[in-house]
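Chains as they are written, first to last, in the working numbering: chain A, 1 to 364; chain B, 1001 to 1376; chain C, 2001 to 2314.
Contents: one structure, followed by commentary.
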Amino acid sequence: MTHTIGRMSRRHLLAGSSAALIMAGAGSRAKASEPEKPAEIIVRAWGGSWVDSLKAGVSDPFTKLTGIGVRHDLTEDNEIRPKVWAAVDQGRVPPIHINWDTTTNATKSALRGITVDLSDLPNLKNAMETAKPVGLDGFPIVNTYGYVYVLAYRPEAFPNGAPKSWKELLDPRLKGRVAFYNDGIGMHFPAQVAGGGKLEDIPSNMAPAWEFIKQLKTQSPLLGEDPDFTTWFQKGEIDAACTISTNAREAKKNGINVAWTVPEEGCKYDTDGFWIPKGLPANEEYWAKQYINLALSVESQQIWLDGLGLPGVIPGVKPPAGLMGDPSYPTTPEDFKHLIRIPGKVQVENESEWFATFKSIMQG
Amino acid sequence: MLEETQSSAAAVGAPAHAPPTVRVREVSMDFGTGSKAVDRASFDLSLGRFLTILGPSGSGKTTLLRMIAGFQRPTSGHILIGGKPVDAVPPDRRSIGMVFQKLALFPHMTAAENIAFPLKMRRFDPAFIPTRVRRFLELVRLDGYGNRRIHELSGGQQQRIAIARALVFEPALLLLDEPLAALDRKLREEMQLEFRRIQKELGVTTINVTHDQREALVVSDEIIIMDGGFIHQHASPALMYRSPADEFVARFIGVSSLIEGTATVGGLMLAGVTLAGSLSGSLQPGMAARGVVRAEQVRIARPEVSLAGCETVLLGTIADVIFEGERLLYVVEVPALSQNILVYHHDPESAAVFATDAPVSLGWRARDMIVFEARP
Amino acid sequence: MPPSIKARYPLTWRVMDALEWLADRLWPRSMSRHTGWLLIAPSLIIVGSLVVGMIEIADTSLRTLDTATFRMSESYSLANYQKLATSDVYLTVAWRSLLGAVLTTALTLILAFPYAYIMVRTRSAAARKALLICLFLPFFIGQVVRAYGWLIILGNDGIINQATGLIGLDPHRFLFNFPAVVFGLVQYMLPFAVLMLAPALTAIPEEVETAAKSLGASWPRTMRHVVLPMARPGLIGAGLVVLTLSLTDFAMPAMLGGGSQDFIANAIYDQFFRTSDAGLGAALTLLLVMGGTFLVGVVLSVFGAGTLAAGRRA
Chain A
1 MTHTIGRMSR RHLLAGSSAA LIMAGAGSRA KASEPEKPAE IIVRAWGGSW
51 VDSLKAGVSD PFTKLTGIGV RHDLTEDNEI RPKVWAAVDQ GRVPPIHINW
101 DTTTNATKSA LRGITVDLSD LPNLKNAMET AKPVGLDGFP IVNTYGYVYV
151 LAYRPEAFPN GAPKSWKELL DPRLKGRVAF YNDGIGMHFP AQVAGGGKLE
201 DIPSNMAPAW EFIKQLKTQS PLLGEDPDFT TWFQKGEIDA ACTISTNARE
251 AKKNGINVAW TVPEEGCKYD TDGFWIPKGL PANEEYWAKQ YINLALSVES
301 QQIWLDGLGL PGVIPGVKPP AGLMGDPSYP TTPEDFKHLI RIPGKVQVEN
351 ESEWFATFKS IMQG
Chain B
1001 MLEETQSSAA AVGAPAHAPP TVRVREVSMD FGTGSKAVDR ASFDLSLGRF
1051 LTILGPSGSG KTTLLRMIAG FQRPTSGHIL IGGKPVDAVP PDRRSIGMVF
1101 QKLALFPHMT AAENIAFPLK MRRFDPAFIP TRVRRFLELV RLDGYGNRRI
1151 HELSGGQQQR IAIARALVFE PALLLLDEPL AALDRKLREE MQLEFRRIQK
1201 ELGVTTINVT HDQREALVVS DEIIIMDGGF IHQHASPALM YRSPADEFVA
1251 RFIGVSSLIE GTATVGGLML AGVTLAGSLS GSLQPGMAAR GVVRAEQVRI
1301 ARPEVSLAGC ETVLLGTIAD VIFEGERLLY VVEVPALSQN ILVYHHDPES
1351 AAVFATDAPV SLGWRARDMI VFEARP
Chain C
2001 MPPSIKARYP LTWRVMDALE WLADRLWPRS MSRHTGWLLI APSLIIVGSL
2051 VVGMIEIADT SLRTLDTATF RMSESYSLAN YQKLATSDVY LTVAWRSLLG
2101 AVLTTALTLI LAFPYAYIMV RTRSAAARKA LLICLFLPFF IGQVVRAYGW
2151 LIILGNDGII NQATGLIGLD PHRFLFNFPA VVFGLVQYML PFAVLMLAPA
2201 LTAIPEEVET AAKSLGASWP RTMRHVVLPM ARPGLIGAGL VVLTLSLTDF
2251 AMPAMLGGGS QDFIANAIYD QFFRTSDAGL GAALTLLLVM GGTFLVGVVL
2301 SVFGAGTLAA GRRA
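The following block contains the structure:
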């Protein structure tokens, strides 16, 4: 059944541009001898609006195009990683085909050497420079969009307009009303600037960052993870937070008055990406690559990233309504001037230290 | 102070003119189950006396005891101890020592600690406690056992600790809630005498509750018989045995035979036979009545022997002979009465004389059969 | 007509006969003196695999993470333990776990005791049933769901703050601090403690309390000198269960602590899953196991094993 539908769909779509895209380059070779199709592939994803957007933009079109079903595994990214590592180490078939991961965490798997090289994906030819992970050889992972750890805030709490500096979070009236990620991710680099240090000194001298974070600690901040920020804004627990704009946007979609800004010290810019674990049967690895290739098409990026409100890595994707010129949606070199990018390799090598230092300040 | 008054009180003994230590006035208890558990019970108990409340289970004897102890408040009526009303006094403020059915010793304390417990709770001078504890261990003949844990003591030793604990603070009143019920017969009889000895030694006023008539007769100065919440009789053991106030008492104390009939002048009439007996209380001739005759009051002899002095003489046949050790119980079938009469014989050798199926003659004196009004 | 032999006995008897026959074939009578081993075999297997796991963890704790390859070192070193010994944050977290567990145990026992006492002693069957239902209801609701419930009740926008808002008070922050974590743990542990205490209290004859009263002890002194000492085995058993469960808890600090009230379990999670440093995580795990075991050992040697020492006389 599935196969029939698949063939029919493909024949139907061959005339269209989507088919041309997915099958371009390496794909055209495959036309003659296409590997056997698995019944489904498993993609690990984040829940809520994250997986909904992925399904609409990538998974559904992929199934339509190939007849291969897509199952979304919503295991925490942190918790799937040890499982995949163990499977690859022990020569077992990994539990997922594709991991949708933060570039930082994906880099760990790449450094461990358990990811499949994705350099031959045809759509990478069109991709912007941000698609390539910094500091790694080739494409052991592919970045699919970028995001900014903005300063999200409730305008009612800032009657004088958007906060211009991260230092405004030290205002005593905000005591107990600010929130950060519980490992401090997103805050380390702006704190380095706000604390009077230089970004070039990362990672060798981060004393200014820790000095500033110690000051933040006196504000008794809440510490959480992605969904917490949305909840806290909605429940009126916080007035300001350093978080990915998507979480603030989620609260805004639910009718809460939340805005966000990039203060003068800048904001951390980072990317998420896809990777494929080694050890899959060749045919399944082939179709997993096709899935990622499709995710790098303009059409898929348009639908998927409209849902997330984040800038993609393929030229030609139009910003969703209301995000044109938004600081959380950088597109021009001018936009990127205020954003802080630190190579993934530097991050993963030092992350453990940074997390521990942040924790020791916050848990003290 | 408490110490002094109680010691002196104990030393005085029990003069007949002393005011009652316990005074129970019209006390009722209604649990709302239809009939009252205790119905207008009244009695007085003088200093140093040993009273047993005897009755079958469900007679209200335990409820009455618990009301005296203060664990239950009477629905109506008053209780006075030492002349003072105690209706509003909680159990821990009443000067009452109590020994419980399951002893309720504290397993986490040693024997000595158990005995010291009421002294500590009643804030006796700590310096004096060890001496007092030792004295009471001696009293119950357990000196040297003070450091034993409760589970290291035998059943009888536990009984002694329980009574020492209940008496060590020299309460005005000692209550015994069937503490001997669970013991085997030999130990029970030994402890009965022991209780009696200790009670006499200290002269403490005591109320004992039991369903064992033998125990009641052995240990008590006075007995109260209760049934259905009523006090049937309050008398000394001898008087109660000799002159039961009603049919219930007569049946409950001792072993008796019951004969149904109609009251007549000088006895009981049935099926054309008149049996000599004495009418009790308000019984009028012609009323439905029951004659009660105790097994040991019935004389037994060969049919040809005349039973001199017996107003009633009947012929019968031995239906069964039960050997009880120090005595024999004959079950004699009497055709004239169409029933069996029980006879105690205190000469076990007579078993050879009266074998089963042997014809005998029975007899009793008029004063030995009491005729009561027949209650339904 | 006489019934046939087969119909003479109930079906269950014949099933039992068949099972006995089968058991005899599988485990012949000649093996019967080894039957004890057969019966404890499952527990031995479970304990055995735990031991293997602990050895594995001990091994991992001696290896360090190489962040260039994200693999554990081949060589052994004490680096992880050194890190734990010299870092303030783990000392803080360990101290917080311990303090939280001890506080939780004390508060839980204080609250569970009267609950269990009333449940055991009440004369009203309806009241006992109601107390039992209230006790078992939380078992059907997971720990996480309950924590969410407290977020709803105690949040700045929660029921309580809405109520106090009606009388003009500013919202008060109940959540995301140490007391909130202890509060969450206490309400989570309460049913366990009551369930452990109830049998111990049932074992105390009511007559003992009556006796204490007749001997001159007021109700509070009866509780202190008689009921509490006699309930000691139950209190120790319940205390040990609550202590170990709280010491190793993850969800309550994570959800009600607002991210800044980590217990050791949260620190272990971070090492294993967030920073992928299994070596440091294993070292922390081992310290938690040893610390917890030491604590239980101290309690056992000071107070005895309570109801956990089956068959031993008090």
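By construction, the Cβ of each residue, glycine as well, lies at the ideal position given by its N, Cα and C atoms.
Check, Outcome
"Segment limits, alpha helix (DSSP H) that includes B/Ala1041", "Per DSSP, B/Ala1041 belongs to no alpha helix (DSSP H); it is in the beta strand (DSSP E), Val1038 to Ser1046."
"Within-9 Å CB hit, A/Gln215 to chain C", "no"
"Opening and closing residue of the beta strand (DSSP E) in which C/Val2186 lies", "Careful: C/Val2186 lies outside any beta strand (DSSP E), inside the alpha helix (DSSP H) at Phe2178 to Thr2202."
"Three-state class that DSSP yields for A/Lys318 in the structure shown", "coil"
"Amino acids of chain C, ordered along the chain, whose beta-carbon sits closer than 7 Å to that of A/Gly236", "Asn2156 and Asp2157"
"Beta-carbon proximity list for B/Ala1288, same chain, < 7 Å, skipping 5 on both sides", "Thr1262 and Ala1374"
"Neighbour-count burial assignment, A/Leu14, 16 or more Cβ in a 10 Å radius", "Only weak support is given to the placement of A/Leu14: the predicted model assigns it a pLDDT of 35, under 50, and the value that follows is read from those uncertain coordinates. A/Leu14 comes out exposed."
"Any alpha helix (DSSP H) of 4 or more consecutive residues that is wholly inside the segment 2115-2174 of chain C", "2125-2140, 2143-2154 and 2159-2166"
"Local Cβ density within 10 Å of C/His2034, reported as buried at 16 or more and exposed below that", "exposed"
"CB contact below 9 Å: B/Pro1091 versus chain C", "yes"
"Contact with chain A by C/Leu2151, beta-carbon distance below 9 Å", "yes"
"For B/Leu1315, the three-state DSSP class (helix, strand or coil)", "strand"
"Within 9 Å, strictly: CB atoms of A/Thr246 and A/Gly146", "no"
"Anticipated Cβ contact below 8 Å, C/Thr2104 with C/Ser2246, distance rounded", "4 Å"
"B/Pro1130 to C/Gln2143 span [Cα, whole Å]", "54 Å"
"Exposure of A/Ile80, with buried meaning 16 or more beta-carbon neighbours within 10 Å", "buried"
"Of the listed residues C/Phe2273, C/Arg2221, C/Arg2121 and C/Leu2295, nearest to C/Leu2243 (C-alpha basis)", "C/Leu2295"
"Simplified DSSP state of B/Ser1059, which is helix, strand or coil", "coil"
"Alpha carbon of B/Gly1058 to alpha carbon of B/Pro1179, nearest angstrom", "17 Å"
"Three-state class that DSSP yields for C/Gly2239 in the structure shown", "helix"
"Contact under 9 Å by Cβ, C/Ala2200 with C/Gly2234", "yes"
"For B/Leu1174: DSSP bridge partner residues", "B/Gly1097 and B/Thr1206"
"Cross-chain neighbours of C/Arg2173 in chain A, by beta carbon under 7 Å", "Gly176"
"Test: A/Phe355 CB closer than 9 Å to a CB of chain C", "yes"
"Which listed residue (B/Val1218, B/Val1293 and B/Met1240) has its alpha carbon closest to that of B/Ile1225", "B/Met1240"
"Residues near C/Phe2178 in its chain [Cβ-Cβ closer than 6 Å; skip 5 each side]", "Gln2261"
"Own chain, CB closer than 7 Å to C/Val2120, minus 5 neighbours either side, in chain order", "Ala2198, Leu2201 and Thr2202"
"One or two residues paired with C/Arg2025 in a DSSP bridge", "According to DSSP, C/Arg2025 bridges with nothing at all."
"Where C/Met2252 falls: helix, strand or coil (DSSP)", "helix"
"Exposure of A/Glu156, with buried meaning 16 or more beta-carbon neighbours within 10 Å", "exposed"
"Any chain C beta carbon closer than 9 Å to A/Glu129", "no"
"Closer than 8 Å at the beta carbon, the chain B residues around C/Glu2056", "Those within 8 Å of C/Glu2056 in chain B number zero; the least Cβ separation is about 45 Å."
"Closer than 7 Å at the beta carbon, the chain F residues around A/Asp183", "In the structure shown, chain F cannot be found, because the protein chains are A, B and C."
"Local Cβ density within 10 Å of C/Ile2167, reported as buried at 16 or more and exposed below that", "exposed"
"Element boundaries [beta strand (DSSP E), containing B/Glu1000]", "The displayed coordinates of chain B run from 1001 to 1376. Any statement about residue 1000 of chain B would go beyond what the structure contains."
"Reduced DSSP category for A/Trp46 - H, G, I as helix; E, B as strand; rest coil", "coil"
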